[in-house]
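J.: First the structure, which I've put down as structure tokens, then a few questions once you've had a look.
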Amino acid sequence: MSLILDSSITMAWVYSDETTAAVKEVFDLLSQGGGWVPGLWHLEVANVLEMGVRRKRHAADFRDATLADLAQLPIQVDGDTDQQAWGATLQIATRHQLTLYDAVYLELALRRNLPLATLDQDLRRAAGKEKVRLLGKE
Numbered sequence: 080m081s082l083i084l085d086s087s088i089t090m091a092w093v094y095s096d097e098t099t100a101a102v103k104e105v106f107d108l109l110s111q112g113g114g115w116v117p118g119l120w121h122l123e124v125a126n127v128l129e130m131g132v133r134r135k136r137h138a139a140d141f142r143d144a145t146l147a148d149l150a151q152l153p154i155q156v157d158g159d160t161d162q163q164a165w166g167a168t169l170q171i172a173t174r175h176q177l178t179l180y181d182a183v184y185l186e187l188a189l190r191r192n193l194p195l196a197t198l199d200q201d202l203r204r205a206a207g208k209e210k211v212r213l214l215g216k217e
């Protein structure tokens, strides 16, 4: 099964102290069926890892190895996300009072008709209202 992967669940997988059985299950599904992300995902993930270096949560070697590991996963970047930003994504953000950064994941899940893997509570609530299948919570 393919899925939409957001940065919150990605980082919960990266940091073992945040990993749960549900997070592991998402990454098992991802390994088997692949996943989709908006281009923003790369920036969000890299930013969290860089902030971890600056705040001394981990070393730069951990950041670099993690990015290399994530690059090996069967993840495809959606090429149409930017075209939706001022239309469907903005409408979703407005309707559910989400940031556009969060709404982009919901828009992608709706457009591709795929389940959304997220730990973000606001995004999960909005996805539930849109009848999007959710992954990631136990």
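When you line the sequence shown up against the numbering used here, it's residues 80 to 217, in that order.
Here a beta-carbon is modelled for each residue, glycine too, at the ideal position from N, C-alpha and C.
Being a predicted model, the structure only gives us computed values, none of them experimental.
#1: Mapping DSSP to helix, strand and coil, what is Q151?
#2: Secondary structure at L122, three-state DSSP: helix, strand or coil?
#3: Look at L42 and L179 and say whether their C-beta atoms are less than 7 Å apart.
#4: Give the DSSP bridge partners of V156, in chain order.
#5: Cutting at 8 Å between CB atoms, please list the residues of its own chain near A138, excluding the five before and the five after it.
#6: Do you know whose CA, among M80, S81, L82, M90, lies nearest L198's CA?
#7: When you compare each of D181, R190, N192, R191 to R204 by their alpha carbons, which one comes out closest?
T.: To lay it out plainly:
#1: Stepping through the sequence shown from its first residue, residue 151 is reached at position 72. Q151: coil per DSSP, three-state reduction.
#2: On the sequence shown, residue 122 is found 43 positions in, with the first residue counted as 1. The answer is helix: DSSP assigns L122 an H, G or I state.
#3: With the chain running from 80 to 217 in the structure shown, residue 42 is simply not present.
#4: Here residue 156 refers to the residue found at position 77 when the sequence shown is read from its first residue. V156 is bridged to V116.
#5: The sequence position of residue 138 within the sequence shown is 59, counting from 1. For A138, where only same-chain residues beyond five positions count, the Cβ hits under 8 Å are V132.
#6: Residue mapping note: residue 198 aligns to position 119 of the sequence shown, counting from 1. Closest by alpha carbon: M90.
#7: Within the sequence shown, the letter at position 125 stands for residue 204. R204 has its Cα closest to that of D181, out of D181, R190, N192, R191.
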